[in-house]
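Worksheet: the structure to be examined is printed underneath.
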Amino acid sequence: MRRVFAEMTRRPSTLLALLLILVVVLSALGAPWLAPFAPDDQPFDGLSLEGAPLAPGAKYWLGTDTLGRDLLSRLLFGARTSLVIGLVANGVAVVIGMLVGTVAGYSGGMFGGALMRFTDLMMAFPALLLAIVLAALLHPSLWIVAMVIALVNWVQVARVVYTETRGLAERDFILAERSLGAGHGRILFRHIAPHLMPTAIVYGTLGIATTVLLEATLSFLGVGVQPPQPSWGNIIFESQSYFQAAPWLVFIPGAVILATALSFNLVGDTLRDLLDPTQRGRG
Amino acid sequence: MTTPEPLLAITDLSIDARTPEGLRPVLDGVSFALVPGETLCLAGESGSGKSLTALSIMRLLSPSLRQRGGSIKLAGRELTTLPERAMRQLRGGDIAMIFQEPMTSLNPVMTIGAQLTEAIRIHGATDGGSAETRARAMLDAVHINEPARRLGQYPHELSGGMRQRVMIAMALSCRPKVLIADEPTTALDVTVQAQILTLMRELKGEFGTSIILITHDMGVVAEMADRVALLRAGRMVEQGSLTQIFEQPREAYTKQLLDAVPRLGAFRGTDGPPRVTAAPPPVLPAGPILFVRDLEVTYGGATGWFGRGSPPPPVVKRVNFELKAGETLGLVGESGSGKSTIGKAVLGLIPFTGEVVIDGVAIAGLSPGAMKPVRRKAQMIFQDPYASLDPRMSVGESIAEPLAIHGIGTRNERRERVALLLRRVHLTPDQATRYPHEFSGGQRQRICIARALALEPKIIVADESVSALDVSVRAHVLDLLLELQEEMGLSYLFISHDMAVVERMSHQVAVMRGGAFVETGSRRAVFENPVDTYTRALMRAVPVPIPSTIRHQDRVTASA
Numbered sequence: 001m002r003r004v005f006a007e008m009t010r011r012p013s014t015l016l017a018l019l020l021i022l023v024v025v026l027s028a029l030g031a032p033w034l035a036p037f038a039p040d041d042q043p044f045d046g047l048s049l050e051g052a053p054l055a056p057g058a059k060y061w062l063g064t065d066t067l068g069r070d071l072l073s074r075l076l077f078g079a080r081t082s083l084v085i086g087l088v089a090n091g092v093a094v095v096i097g098m099l100v101g102t103v104a105g106y107s108g109g110m111f112g113g114a115l116m117r118f119t120d121l122m123m124a125f126p127a128l129l130l131a132i133v134l135a136a137l138l139h140p141s142l143w144i145v146a147m148v149i150a151l152v153n154w155v156q157v158a159r160v161v162y163t164e165t166r167g168l169a170e171r172d173f174i175l176a177e178r179s180l181g182a183g184h185g186r187i188l189f190r191h192i193a194p195h196l197m198p199t200a201i202v203y204g205t206l207g208i209a210t211t212v213l214l215e216a217t218l219s220f221l222g223v224g225v226q227p228p229q230p231s232w233g234n235i236i237f238e239s240q241s242y243f244q245a246a247p248w249l250v251f252i253p254g255a256v257i258l259a260t261a262l263s264f265n266l267v268g269d270t271l272r273d274l275l276d277p278t279q280r281g282r283g
Numbered sequence: 001m002t003t004p005e006p007l008l009a010i011t012d013l014s015i016d017a018r019t020p021e022g023l024r025p026v027l028d029g030v031s032f033a034l035v036p037g038e039t040l041c042l043a044g045e046s047g048s049g050k051s052l053t054a055l056s057i058m059r060l061l062s063p064s065l066r067q068r069g070g071s072i073k074l075a076g077r078e079l080t081t082l083p084e085r086a087m088r089q090l091r092g093g094d095i096a097m098i099f100q101e102p103m104t105s106l107n108p109v110m111t112i113g114a115q116l117t118e119a120i121r122i123h124g125a126t127d128g129g130s131a132e133t134r135a136r137a138m139l140d141a142v143h144i145n146e147p148a149r150r151l152g153q154y155p156h157e158l159s160g161g162m163r164q165r166v167m168i169a170m171a172l173s174c175r176p177k178v179l180i181a182d183e184p185t186t187a188l189d190v191t192v193q194a195q196i197l198t199l200m201r202e203l204k205g206e207f208g209t210s211i212i213l214i215t216h217d218m219g220v221v222a223e224m225a226d227r228v229a230l231l232r233a234g235r236m237v238e239q240g241s242l243t244q245i246f247e248q249p250r251e252a253y254t255k256q257l258l259d260a261v262p263r264l265g266a267f268r269g270t271d272g273p274p275r276v277t278a279a280p281p282p283v284l285p286a287g288p289i290l291f292v293r294d295l296e297v298t299y300g301g302a303t304g305w306f307g308r309g310s311p312p313p314p315v316v317k318r319v320n321f322e323l324k325a326g327e328t329l330g331l332v333g334e335s336g337s338g339k340s341t342i343g344k345a346v347l348g349l350i351p352f353t354g355e356v357v358i359d360g361v362a363i364a365g366l367s368p369g370a371m372k373p374v375r376r377k378a379q380m381i382f383q384d385p386y387a388s389l390d391p392r393m394s395v396g397e398s399i400a401e402p403l404a405i406h407g408i409g410t411r412n413e414r415r416e417r418v419a420l421l422l423r424r425v426h427l428t429p430d431q432a433t434r435y436p437h438e439f440s441g442g443q444r445q446r447i448c449i450a451r452a453l454a455l456e457p458k459i460i461v462a463d464e465s466v467s468a469l470d471v472s473v474r475a476h477v478l479d480l481l482l483e484l485q486e487e488m489g490l491s492y493l494f495i496s497h498d499m500a501v502v503e504r505m506s507h508q509v510a511v512m513r514g515g516a517f518v519e520t521g522s523r524r525a526v527f528e529n530p531v532d533t534y535t536r537a538l539m540r541a542v543p544v545p546i547p548s549t550i551r552h553q554d555r556v557t558a559s560a
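Heads up: the protein sequence lines correspond to chains A and B, in order.
Residue numbering for the first sequence follows the UniProt record's numbering, starting at 1 and increasing by one per position.
Residue numbering for the second sequence follows the UniProt record's numbering, starting at 1 and increasing by one per position.
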């Protein structure tokens, strides 16, 4: 583990990404102390005389939103929501997808077939509709929204993992393992699962950005995280109709999401290389 | 001696590979010439650079490789500096190439006819008639029956041998001056290989093509070559006429390579494999350690939810045999004959009907729990050692895996056992922490053998265990297997398509065809007096690593 960490800090781009993630996490944790304003505070001078949001300036560093709230403060508090959604919702989705995919791929036959048909059904079902129904039934709160997103997003992971597992299960080293007398659990966890780590890492990091945006969509439709609690996604969605007049309200949170997702992705990429023994000692 | 003007002259060809550590030479100063009408065999073991040489003639090297220097001249025209456009005209026109795997070299979604006529049209080689007529004539020339019907078929509808014939037809359709054949028969069965080699010899005269034949098989070299160029690790070792190379090799490596080639009939007049140790024979029970009665295997019984239809015919049909302790039963046959299936069934890895008794325990219908102790007695070694080792596990972990599965020993005891096993297969204990990709093919197979030995089995099923290895390495692995048998009293079910290897290893032999045994008996009986016509055909088809000119002389002196 220490070796992996040392190796990671040796690559400049990965080090930068790690630092960025650290900043995001720290600002999420320290939002109450770091933020110059409360996230739902609407100061009197938060809007121009015409009632328009303020551009970034000396008092409101990143400007204000359409209700005159400080954008920086909202982003800091929004980081809490979005990180939870991005990491937890996406993480749970990857775990469910991996589990369903490997079990279906490894067991094959009727059971595996049934599992995959169910997955196909979920895939064909409009994800947004499903999310709306689930969220409406379960009363949206941060954690419920995260679970809803996970229940929608595991499908793609399952599909890909299924195909990979099928391929792996046919390989000779799995047959060799069986001929040694290994049980299913051992084969699945010690020999198949490690080979699926690259896929899990790629989905675990790439999925963060899409998950953050899916939450935003849900917020926009009224079934996501409830206002006034900020999330990066709903900051964008609340301001999108003012894009012409106040582009910073879309660009700044957009850039934050992009940078965060990219950082996770970079770290994931490096991690994947470092955990693969056949890649060791290469550029 | 006057040397005829060379058709293709390669001088001082050097190629570098781009690696993270910098440029690494993979081909170094290779020179040879091809005279019109001759067959030049580029021979060598894997990694010797034979295929690289061919690809650089075609200028089809992958971008990770870079030509450092040297010249390639076709009829006096320099190819290395030719513009890409002119080079495209040349490829398939003046120089054609065929590859090892005819299935992957043909486009699976295009008909044979479409692919053939495409090649003909690109180079305008219609000979006045239509491309279709020419395509039909070409299929006829490579002796494919019903050429008109074949044109409308897809590659998967043809057998491997027929696909390679189509590849040859395609390559020759534009009357190339040079045909480069890269291991054209390696993926084929021996009997089919013999037919394809005959065809190539025949067509060479008919089309006036010179051939560069790339092969690792010294038997094929002896059958085909006018001249031989032997490569090793990117350098030319020796070149000369066929008889000179086989009769008076100058280099030590050439001698070593020729000596390592197993020859059919080399053990004439003996009953068992040669002894490789001085160990006293272990005391063994007299009865069979493996007993098989009416074994039958059928694949693909269950077919999903709505699967119906009659069950497919069995791939193994009512097979009976027994294996004595300390002996080897060689299972020989061509691909698809069901040899590997028997191997897997005997270990209970696939469902079967009939009776299989391992050391007194009938394994039919045993639960996984009841099967577990039986697994300790019978182990398997696979064809491809790299594929059969988990690439994410260190070699030590892989070898300790069977011990861990069966809960034998503590962590430290297992580590000691791994060290012992590594020494047993002539590797060193410090290699335990390394990963499979860091080893050579022969070393990997040793690792697989060490893993199979970990549980101290009585039977080892060796399924084509040396087929993927180079000749020189193969001999060492075979010797190791014999050594282990002599010292530990192991019994082998030795599965191979290679007649010479089976002859070297076996006490008993069974010849398989279409899922059934066509001939069984002691090695001496089967190899010296084959009764079945198929066994005879199989033996005749094996390329003999002795040039025919020398063989004829021998025959003359023998009859005189």
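Each residue gets a CB set at the ideal place from its N, CA and C atoms; glycine is no exception.
Predicted model, so just to flag it, every value in this text is computed and none were measured.
Proximal residues of chain A, C-beta to C-beta of B/L347 below 7 Å: Here residue 347 of chain B corresponds to residue number 347 of the second sequence, with the count starting at 1. By Cβ distance, chain A contributes S179.
By how many angstroms is the C-alpha of B/D359 removed from the C-alpha of B/E503? In the second sequence, residue 503 of chain B corresponds to position 503, counting from 1. In the second sequence, residue 359 of chain B corresponds to position 359, counting from 1. About 26 Å.
Give the list of continuous beta strand (DSSP E) stretches no shorter than 3 residues that lie fully inside the segment 388-431 of chain B. none
Any residues in the segment 195-216 of chain A with a beta carbon nearer than 8 Å to a beta carbon of chain B? Which ones, in chain order? H195
Expressed to the nearest angstrom, what Euclidean distance is found between the alpha-carbon atoms of B/L23 and B/L61? Taking the first residue of the second sequence as position 1, residue 23 of chain B is located at position 23. Taking the first residue of the second sequence as position 1, residue 61 of chain B is located at position 61. About 15 Å.
With a threshold of 8 Å between beta carbons, is A/F173 in contact with chain B? One-based indexing of the first sequence puts residue 173 of chain A at position 173. Answer yes: the Cβ-Cβ gap between A/F173 and chain B drops below 8 Å somewhere.
Beta bridge counterpart(s) of B/E438 as assigned by DSSP: One-based indexing of the second sequence puts residue 438 of chain B at position 438. Beta-bridge pairing links B/E438 to no other residue.
Less than 8 Å separating the beta-carbons of A/A17 and A/S263? Translated into the one-based positions of the first sequence, residue 17 of chain A becomes position 17. Translated into the one-based positions of the first sequence, residue 263 of chain A becomes position 263. Yes, they are a contact pair.
Please identify the residue among B/R446, B/T19, B/R392 whose C-alpha is closest to the C-alpha of B/A462. What you label residue 462 of chain B is simply residue 462 of the second sequence in a count that begins at 1. Closest option to B/A462, Cα to Cα, is B/R446.
Could you list which residues in chain B have their beta carbon closer than 7 Å to that of A/T278, in chain order? Stepping through the first sequence from its first residue, residue 278 of chain A is reached at position 278. Ordered by position in chain B, the residues that pass the 7 Å Cβ test against A/T278 are P391, Y435, H437.
Provide the residue(s) that pair with B/L65 in DSSP beta bridges, ordered along the chain. As a working note, residue 65 of chain B is residue 65 in the second sequence. B/A17.
Can you give the beta carbon distance from A/L131 to A/L218, rounded, assuming they're within the 8 Å contact cut? Taking the first sequence and counting its residues from 1, one reaches residue 131 of chain A at position 131. Taking the first sequence and counting its residues from 1, one reaches residue 218 of chain A at position 218. Checking the sequence, you will find Ala at residue 131 of chain A rather than Leu. Contact flag correct, Cβ pair sits at about 6 Å.
Count the other CB atoms, across all protein chains shown, that sit within 10 Å of the CB of B/M170; report buried if there are 16 or more and exposed otherwise. Within the second sequence, the letter at position 170 stands for residue 170 of chain B. Per the 10 Å Cβ criterion, buried.
B/T19 classed as buried or exposed, judged by whether at least 16 other C-beta atoms fall within 10 angstroms: Locating residue 19 of chain B in the second sequence gives position 19, where the first residue counts as 1. Exposed.
Roughly how many angstroms lie between the CA atoms of B/T11 and B/R474, to the nearest whole one? Here residue 11 of chain B refers to the residue found at position 11 when the second sequence is read from its first residue. Here residue 474 of chain B refers to the residue found at position 474 when the second sequence is read from its first residue. Near 33 Å, if we compare the C-alpha coordinates of B/R474 and B/T11.
Can you name, in chain order, every residue of its own chain whose Cβ lies under 6 Å from the Cβ of A/G207, other than the five neighbours on each side? Taking the first sequence and counting its residues from 1, one reaches residue 207 of chain A at position 207. Cβ neighbours of A/G207 beyond the five flanking positions: N90.
Which residues in the same chain as A/L20 place their Cβ atom closer than 8 Å to its Cβ, once the five residues preceding and following it in sequence are excluded? On the first sequence, position 20 is the one that residue 20 of chain A refers to. The residues are A259, T260, S263.
Comparing the C-beta of B/M380 with each C-beta of chain C, is any distance below 8 Å? Although the question refers to chain C, the structure presented lacks it and instead comprises the protein chains A and B.
Stretch-stretch touch, CB-based, cutoff 8 Å, three pairs: the segment 34-54 of chain A with the segment 66-76 of chain A: yes
Using a beta-carbon distance below 8 Å, is B/A278 in contact with chain A? Translated into positions along the second sequence, residue 278 of chain B becomes position 278. By this cut-off, B/A278 is not an interface position.
Mind checking A/G101: buried by the 16 CB within 10 Å criterion, or exposed? The residue labelled residue 101 of chain A in the question sits at position 101 within the first sequence. When all chains shown are included, A/G101 counts as buried.
DSSP three-state assignment for B/I112, whether helix, strand or coil: Within the second sequence, the letter at position 112 stands for residue 112 of chain B. The answer is helix: DSSP assigns B/I112 an H, G or I state.
Is the beta carbon of B/G521 less than 8 Å from the beta carbon of B/S337? Here residue 521 of chain B refers to the residue found at position 521 when the second sequence is read from its first residue. Here residue 337 of chain B refers to the residue found at position 337 when the second sequence is read from its first residue. Cβ distance not < 8 Å, so B/G521 and B/S337 don't count as in contact.
Pairs of beta-carbons, one from the segment 189-202 of chain B and one from the segment 24-34 of chain B, closer than 8 Å: are there three or more? no
Report yes or no: is there a C-beta of chain B within less than 8 Å of the C-beta of A/A104? Counting from one through the first sequence, the residue named residue 104 of chain A turns up at place 104. Taking Cβ atoms only, chain B never reaches closer than 8 Å to A/A104, which makes this a no.
At the level of alpha carbons, what is the spacing between B/D430 and B/R451? Here residue 430 of chain B refers to the residue found at position 430 of the second sequence. Here residue 451 of chain B refers to the residue found at position 451 of the second sequence. Answer to the nearest angstrom: the Cα atoms are 16 Å apart.
Are the C-beta of B/D384 and some C-beta of chain A separated by less than 8 Å? Taking the second sequence and counting its residues from 1, one reaches residue 384 of chain B at position 384. It does; some Cβ of chain A falls within 8 Å.
Of the residues A/L62, A/G57, A/F77, which one's Cα is nearest the Cα of A/A251? Mapped onto the first sequence, residue 251 of chain A falls at position 251. What sits at residue 251 of chain A in the sequence shown is Phe, not Ala. Answer by Cα proximity: A/L62.
What residues of chain B sit near A/H191, judged by a beta carbon separation below 7 Å? The count along the first sequence starts at 1 and reaches residue 191 of chain A at position 191. The contacting residues are D390.
Helix, strand or coil for residue 574 of chain B, going by three-state DSSP, please let me know. An answer regarding residue 574 of chain B cannot be provided, because it is not within the stretch 1 to 560 covered by chain B.
Who are the Cβ neighbours of A/G46 in its own chain at under 6 Å, not counting the five residues just before and after it? Position 46 of the first sequence, counted from the first residue, corresponds to residue 46 of chain A. Counting only Cβ-Cβ distances below 6 Å, and skipping sequence neighbours, we find T64, G68.
Quick check: the Cα distance between B/I112 and B/L188, rounded to an integer number of angstroms? Locating residue 112 of chain B in the second sequence gives position 112, where the first residue counts as 1. Locating residue 188 of chain B in the second sequence gives position 188, where the first residue counts as 1. Spanning the two alpha carbons is a distance of roughly 19 Å.
contact_flag[the segment 325-339 of chain B, the segment 482-491 of chain B] where n(CB pairs < 8 Å) is 3 or more: yes
List the residues of chain A that B/E464 touches, going by C-beta distances under 9 Å, in chain order. Start at 1 with the first residue of the second sequence, and residue 464 of chain B comes out as number 464. Here the premise fails: no neighbours, minimum Cβ distance about 11 Å.
Nearest-angstrom Cα separation, counted from B/R121 out to B/C174: The count along the second sequence starts at 1 and reaches residue 174 of chain B at position 174. The count along the second sequence starts at 1 and reaches residue 121 of chain B at position 121. In a straight line, the C-alpha of B/C174 is about 9 Å away from that of B/R121.
B/L7 - DSSP class collapsed to helix/strand/coil: For the purposes of this step, residue 7 of chain B is identified with residue 7 of the second sequence, where counting begins at 1. Correct three-state label for B/L7: coil.
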